[in-house]
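Count the sequence shown with the numbering used here and you get residues 12 to 223, in order. Just so it is clear, CB atoms sit at the ideal spot from N, CA and C, and this is done for glycine as well. Note that the coordinates shown come from a computational prediction; the quantities given were computed from them, not determined experimentally. See structure below.
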Amino acid sequence: MTMQAGGEGDVLLVVDVQRDFCFSGALAVPDGDAVVMPINQLMEHFRHVVLTQDWHPADHSSFAVQHPGRQAFDVVRMPYGEQQLWPVHCVQGTPGAEFHPKLHWNRAELIVRKGFRREIDSYSAFLENDRTTPTGLAGYLRERGLRRVFLAGLALDYCVGFSALDARALGLEAWVISDASRAVGVGGSQAAMQQRLAALQVGSVTSGELRR
Ligand code: VGL
Ligand code: ZN
């Protein structure tokens, strides 16, 4: 199978390719660095590239250290619902929040920062975890006439996945580029996300199947 992609109307959404999600980072995704090469190639191929950057204050409420007696990967109740806790990661202005040093991030026309409110986490590039606070990306895509979203980056079972689901909820076509994304994979999260993606008709494609 090959499909035409990368022209007007298509956007490559590169999710959270940051040091803390890569090798030796605070919340390293297994094999996370492997997404950088295919993403750099994809960025040459797409006319429109948008990046996201996980961007937390040092005392962010998703950090386990903010919840005495709790540990990373525990689930707690927040005012907006259940929230998984994480090690301290992607703190604003720290090296861990920087893009991977080999990522060609200068190719992006927009960088969306998310998770910058202390009291709300944000997995999706569109809506924060309260499921009502928008990041502004939906408006950007609408105003620019970008209707087909191709997603890559970290992590497939969290930020990439929830961004793809929200893109579908907005009526956009969404495709995950499988060789250009990797999952955290804690507690069956990858299989659960794959099921939700399939249910909302998010497609899966490899970089090799995309042609101009
Ligand atoms: C992410 C957990 C916490 C991600 C971000 O980018 O998938 N996961 N913050
Ligand atoms: Zn985060």
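- When secondary structure is reduced to three states using DSSP, Glu220 falls in the helix class.
- For the ligand VGL, the residues with a Cβ under 7 Å from any of its heavy atoms are, in chain order, Val26, Asp27, Phe32, Leu38, Asp65, Ser73, Trp97, His100, Cys101, Gly126, Asp132, Tyr134, Leu165, Ala166, Tyr169, Cys170, Val171 and Val195.
- Distance from Ile50 to Val25 at the Cβ level is roughly 6 Å; contact confirmed, criterion being Cβ atoms closer than 8 Å.
- No Cβ-Cβ contact shorter than 8 Å links Gly107 with Gly156.
- When Cys33, Asp65, Pro41 and Glu184 are compared, the shortest CA-CA separation from Ser135 is found for Asp65.
- Within the same chain, His59, Val60 and Val61 come within 8 Å of Glu120 by CB-CB distance, once the 5 residues on both sides are set aside.
- Look at the beta carbons and you see the region 75-95 not touching the region 40-56: under three pairs across the two are nearer than 8 Å.
- Residue range Leu148 to Arg155 is occupied by the alpha helix (DSSP H) that includes Glu154.
- Check the Cα spacing between Gly104 and each of Leu148, Gln29 and Phe57: the tightest is with Gln29.
- The DSSP-derived three-state label of Trp116 is helix.
- Each residue's CA atom was taken as its position, placing Ala166 and Leu38 some 10 Å apart.
- Val195 and Gly20 have their alpha carbons spaced roughly 30 Å apart.
- A distance below 6 Å between beta-carbons, with the five flanking residues on each side excluded, links Leu181 to the following residues of its chain, in chain order: Ala149.
- By the 16-neighbour rule on beta-carbons within 10 angstroms, Gly147 is exposed.
- Proximity of the beta carbon of His78 to the ligand ZN is not indicated: no heavy atom of the ligand is located closer than 7 Å.
- Pairing Leu138 with Pro145 gives a Cβ-Cβ distance under 8 Å.
- Annotation for Ile131: no alpha helix (DSSP H) segment contains it, and DSSP assigns it neither H nor E.
- Arg179 places its beta carbon less than 8 Å from that of Leu211.
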